[in-house]
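Trainee: Just so you know, numbering that gives the first Met the number 0 puts the end of the sequence shown at 390, numbered straight through with nothing missing.
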Amino acid sequence: MYDSIVIGAGVAGSVIARELAERGNRRVLVLEKRGHIAGNCYDCPDEHGVLIHLYGPHIFHTSIRRVREYFSRFTQWYDFGHKVVANVHGRLIPVPFNLNTLHMVYEKEKADRLERLLTEAFGEGSRVPILKLREYPDREIQEIADYVYENIFLHYTMKQWGQTPEEIDPAVTGRVPVVISRDDRYFQDPWQSVPQEGFTEMFRHMLDHEKIEVRLNTDARDQIEIRDGMVYVEGSPFCGDVVYTGPLDELFGCRFGRLPYRSLDFAFEHYDAQDYQGHSVVNYTVSEDYTRITEFKHLTGQKIDGTTIVKEYPKAYEGGEGEIPYYAISNPANEALYKRYRELTAPLEKFHLLGRLAEYKYYNIDAMAERALALADKLLGETPGATGGRA
Ligand SMILES: Cc1cc2nc3c(=O)[nH]c(=O)nc-3n(C[C@H](O)[C@H](O)[C@H](O)COP(=O)(O)OP(=O)(O)OC[C@H]3O[C@@H](n4cnc5c(N)ncnc54)[C@H](O)[C@@H]3O)c2cc1C
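(1) My parser needs the alpha helix (DSSP H) runs of 4 or more residues fully inside the region 296-369; what are they?
(2) What did DSSP end up calling His57 once you bin it into helix, strand or coil?
(3) Scan the region 190-278 and note each continuous beta strand (DSSP E) run of 3 residues or more that stays entirely inside, going in chain order.
(4) May I ask whether a heavy atom of ligand 1 can be found less than 8 Å away from the beta carbon of Asn282?
(5) May I ask you to check if the CB of Lys82 is nearer than 8 Å to at least one heavy atom of ligand 1?
(6) If His35 sits next to Thr199, beta carbons under 8 Å apart, how far is it from one beta carbon to the other, in whole angstroms?
(7) Where does Ser3 fall in DSSP's three states?
(8) Where does Lys391 fall in DSSP's three states?
(9) Is the beta carbon of Leu206 closer than 9 Å to that of Ala357?
(10) Short check: CB of Tyr361 to CB of Tyr326, under 9 Å?
(11) Please identify the residue among Val49, Arg25 and Glu287 whose C-alpha is closest to the C-alpha of Glu294.
(12) At 4 residues or longer, and completely inside the region 14-92: list those alpha helix (DSSP H) runs for me, N to C.
(13) Examine ligand 1 and report whether any of its heavy atoms sits within less than 8 Å of the Cβ of Phe70.
(14) Roughly how many whole angstroms lie between the Cα atoms of Leu91 and Arg184?
(15) Between which two residues does the beta strand (DSSP E) harbouring Tyr283 extend?
(16) Since Glu149 is in the alpha helix (DSSP H), which residue starts that stretch and which ends it?
(17) Measuring only the C-alpha atoms, how far is Thr61 from Asp137?
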């Protein structure tokens, strides 16, 4: 019946399914455990008609031309430069820390002097890790690093990862950037947008192909079994390509123990007001239990009366019913555990692991799509299309 099977209808699964069907002329079966497509990029109107992102705010940002052009086949875009502010003791300042932030935090004379020093030392437009600022032989420059660490990085990271200051990897701390520029945008990518009709619509168009069948509410673990170096589908050996984008430990019944993740609770609130916070995303970097508040209408450009926000509460992932693993916790012990699971799939030539869960690695949407396109190139024996390359 099918030439290839794809497990999961998120970014990874949708892109690879479309490619195998369209470029490879293959009949593709997509199995999706949830009642909807689009994975964590899923968006839908809430009961007030406000378009919300159910699994946290998603902005498509990229400098990969091939990916931008690929997605553009399935959607028009609402383009904007994504900006984030941090609430520091009630004051909203732009993040990442940049020259505008500098002028908000310090009085004029000192800010002017520091701006001159930073520009001369590191060059206009550069992103300087705070580790470098700390090593700079000027006490006032070092002070900026301390400000960023204390007011933007430390408490936010403790909440996000459930860590004490001692547990935070110094290498991660050192990489926190200060941007020597007046550019307030959160990302520097040339394309920053959301699909005009929403992510779900974009993925619906992608999966809408005569050779693709999508089965929702279908857990692949009930249909697929791996034993004796073979993949069995509903009890029969399957010889085609199988692309798995779900959690790798769950595929093997977590026999070596669970792969650790951070999870999130989302608290949605609706207000009969035109505006709640005046910004799409406000990070709470020194106070509150939640890490950030997103106000959707500022992100999606939707014109609507009333407004819906979401607060994000990080928490440990315990694998309970309905809990979602969001962020892989990368450290040597967890990588070793992941490798043990991956070795179980090594003898399976046509079984491919793709995606943030199957690869136990964080990817942005664009990087995920790029990997899915590359896997399609490999499986179809083709080289990347002429649209490859970065902007
Ligand atoms: C809070 C948050 C915010 C983010 N914001 C951004 C952003 O602004 N910009 C950006 O570029 N990236 C963002 N990302 C990253 C983005 O979500 C990922 O790049 C993307 O989801 C990866 O796609 P995926 O297909 O690998 O995973 P997913 O989207 O998780 O898709 C995997 C799919 O597989 C299904 N599945 C799992 N197991 C099974 C099974 N046994 N049987 C059948 N189906 C199964 C799942 O239900 C799911 O639908 C964010 C991530 C998080 C956590």
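Think of the CB as a built atom: it goes at the ideal place given N, C-alpha and C, for glycine as much as any other residue.
Mentor: Put simply:
(1) Those alpha helix (DSSP H) runs which fall completely within the region 296-369 and span 4+ residues are 331-344.
(2) Numbered from its first residue, the sequence shown carries residue 57 at position 58. Looking at His57 - three-state DSSP - the assignment turns out to be coil, as it is neither helix nor strand.
(3) Whole beta strand (DSSP E) segments, 3+ residues: 190-194, 211-214, 223-226, 229-232, 240-243 and 260-270.
(4) To locate residue 282, count along the sequence shown from 1; it is residue 283. Outside the cutoff, so no.
(5) Here the question's residue 82 lines up with position 83 in the sequence shown. Flag unset: Cβ of Lys82 not near ligand 1.
(6) One-based indexing of the sequence shown puts residue 35 at position 36. One-based indexing of the sequence shown puts residue 199 at position 200. Their Cβ separation, rounded to whole angstroms, is 7 Å, which keeps His35 and Thr199 in contact under 8 Å.
(7) The residue you call residue 3 lines up with position 4 of the sequence shown. Strand.
(8) Here the chain comprises residues numbered 0 to 390, so residue 391 is not present and cannot be evaluated.
(9) Translated into positions along the sequence shown, residue 357 becomes position 358. Translated into positions along the sequence shown, residue 206 becomes position 207. No, the pair does not count as a contact, with Cβ atoms beyond the cut-off.
(10) Taking the first residue of the sequence shown as position 1, residue 361 is located at position 362. Taking the first residue of the sequence shown as position 1, residue 326 is located at position 327. Going by C-beta atoms, Tyr361 is nearer than 9 Å to Tyr326.
(11) Here the question's residue 294 lines up with position 295 in the sequence shown. The shortest Cα separation from Glu294 among Val49, Arg25 and Glu287 belongs to Val49.
(12) Runs found: 64-71.
(13) On the sequence shown, position 71 is the one that residue 70 refers to. No - ligand 1 has no heavy atom lying nearer than 8 Å to the Cβ of Phe70.
(14) By one-based count along the sequence shown, residue 91 stands at place 92. By one-based count along the sequence shown, residue 184 stands at place 185. Computed Cα separation, rounded: 15 Å.
(15) In the sequence shown, counting from the first residue as 1, residue 283 sits at position 284. Unbroken beta strand (DSSP E) run through Tyr283: Val280 to Tyr283.
(16) To locate residue 149, count along the sequence shown from 1; it is residue 150. No alpha helix (DSSP H) contains Glu149, which DSSP labels as neither H nor E.
(17) Taking the sequence shown and counting its residues from 1, one reaches residue 61 at position 62. Taking the sequence shown and counting its residues from 1, one reaches residue 137 at position 138. Approximately 36 Å between the Cα atoms of the pair.
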